[in-house]
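Q: First, the structure itself, so that you have it in front of you.
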Amino acid sequence: MKPELAGLQGTWEIVALEVDGTAVPGAGFSGSRIVVKGNTFATVSMGATYGGTLAVDAAKAPKTLDLSFKSGPEKGNTSLAIFELDGDTWKLCLTVTANKRPTAFATRPGSGLALETLRRQTGPTPQERLHEELGRLKGEWTLVSGMKDGQKLPADFVKAGKRLVKGNETTVFFGREVFLKAAFTVDPSASPKSIDYIVTAGQNQGEAQLGIYALEGDTVTYYLAPPGRPRPTEFTTRPGAGGTTTVWKRKKKP
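Here you go:
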């Protein structure tokens, strides 16, 4: 393998993107990445998946790269690019609708070019981090304490609380009664970590709730806002806010 191609091996996240002279907001390419293995690449970008082969020419100045698409929406097309590689930073200027390879790392209105800055991923992928987080949240939990609208939950109520988490579904019981069932998504990269509910059974069925959570070992704290309210930013309930904070302890297997 040529040294230049060897340097591109691995998973790369797009950290900056410019198309036709306009910078794309981060939300527009969040989660986009390129995985290079040998002389093949796989790209997930803006909801679409692409795959193909790479051809590098390091004798040119700047170095050139041809991306030949074998699958995905661009199947059968070839994107002509120039690139720079500086350790774990990869700069790539490539054709989108243009037919001629760029000569500089810049785009302008109507150029048909895209300029990407990518960073090598040295840790788990976002999907791997999400899978790990869901694994840490699964299992059976008992309620330790709680507050609603600034007031402590009654001790008998707390004593009867149980939570079961399987995959991305959570069910809360008080005694034998299902108090709430919800499908949920989490973002462990947010600060504080965020959680979104779609309530499928019980109180507030059919509604969405936004919340935050903190996970430390076998203890997890949730703060869920009432439906229609914005996501809380701290784990403090205040009278009139309507939010509920609960602290749960993982039940140990016998």
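Taking my numbering as reference, the numbering of the sequence shown is continuous, increasing by one, and the terminal residue is 258.
For each residue, glycine too, the CB sits at the ideal point set by N, CA and C.
Under the three-state reduction of DSSP, which class applies to valine 48: helix, strand or coil?
A: Reduced to three states, the DSSP call for valine 48 is strand.
Q: Using alpha carbons as the reference points, say which of Thr111, Asp200, Gln207 lies closest to valine 176.
A: Among Thr111, Asp200, Gln207, the Cα nearest to that of valine 176 is on Gln207.
Q: Take leucine 1 and list the residues in its own chain whose beta-carbon comes closer than 6 Å to its own, dropping the five residues that flank it on each side.
A: Here the chain has residues from 5 to 258 only, and residue 1 is not among them.
Q: Pull the bridge partners of phenylalanine 177 from the DSSP assignment, please.
A: Bridge partners of phenylalanine 177: Lys166, Val182.
Q: In three-state terms, what does DSSP make of leucine 219?
A: The answer is strand: DSSP assigns leucine 219 an E or B state.
Q: Measure the C-alpha to C-alpha separation of alanine 31 and glycine 179 and round it to an integer number of angstroms.
A: Cα-Cα distance, rounded: 43 Å.
Q: To which residues of the same chain is threonine 82 closer than 8 Å at the C-beta, ignoring the five residues directly before and after it?
A: Excluding sequence neighbours, threonine 82 sits near Asp70, Leu71, Ser72, Phe73.
Q: How many whole angstroms separate the CB atoms of leucine 138 and asparagine 172, which I take to be in contact at a CB cut-off of 8 Å?
A: Contact flag correct, Cβ pair sits at about 7 Å.
Q: Across which residues does DSSP place valine 40 in a beta bridge pair?
A: Valine 40 pairs with Gly14, Phe45.
Q: From the DSSP secondary-structure annotation, give me the bridge partner or partners of serine 83.
A: Leu71.
Q: Looking at C-beta atoms only, is the number of pairs between the stretch 129-136 and the stretch 230-244 that lie closer than 8 Å three or more?
A: Contact fails: fewer than three Cβ-Cβ distances are below 8 Å.
Q: In terms of DSSP beta bridges, what is threonine 146 paired with?
A: Per DSSP, Lys166, Lys253.
Q: Whose C-beta lies closer than 7 Å to the C-beta of glutamate 211 among residues of the same chain, with five residues either side of it excluded?
A: Only Val203, Pro231 meet the Cβ criterion.
Q: Just the Cα atoms here: how many angstroms apart are threonine 249 and glutamate 181?
A: Distance between the alpha carbons of threonine 249 and glutamate 181 is about 20 Å.
Q: Going by alpha carbons, who is nearest to methionine 151 out of Asp24, Ile18, Asn43, Thr241?
A: It is Thr241 whose Cα lies nearest to the Cα of methionine 151.
Q: Helix, strand or coil, according to DSSP, for aspartate 90 in the structure here?
A: Residue state, collapsed to three classes: strand.
Q: Along the chain, where does the beta strand (DSSP E) containing leucine 134 start, and where does it finish?
A: Counting along the chain, leucine 134 falls outside any beta strand (DSSP E), though it belongs to the alpha helix (DSSP H) covering 130-141.
Q: I need the straight-line Cα distance from glutamate 4 to isoleucine 216, nearest angstrom please.
A: It is not possible to answer for residue 4, since the shown part of the chain is limited to 5 through 258.
Q: Which residue marks the beginning of the beta strand (DSSP E) containing arginine 123, and which one marks its end?
A: Arginine 123 -> beta strand (DSSP E) spans 117-124.
Q: Can you tell me which of Thr68, Glu22, Lys64 puts its alpha carbon nearest to the alpha carbon of proline 113?
A: Nearest C-alpha to proline 113: Glu22.
Q: Rounded to whole angstroms, what's the CA-CA distance from lysine 41 to threonine 99? Just pull it up for me.
A: Rounded to whole angstroms, lysine 41 to threonine 99 spans 22 Å at the Cα level.
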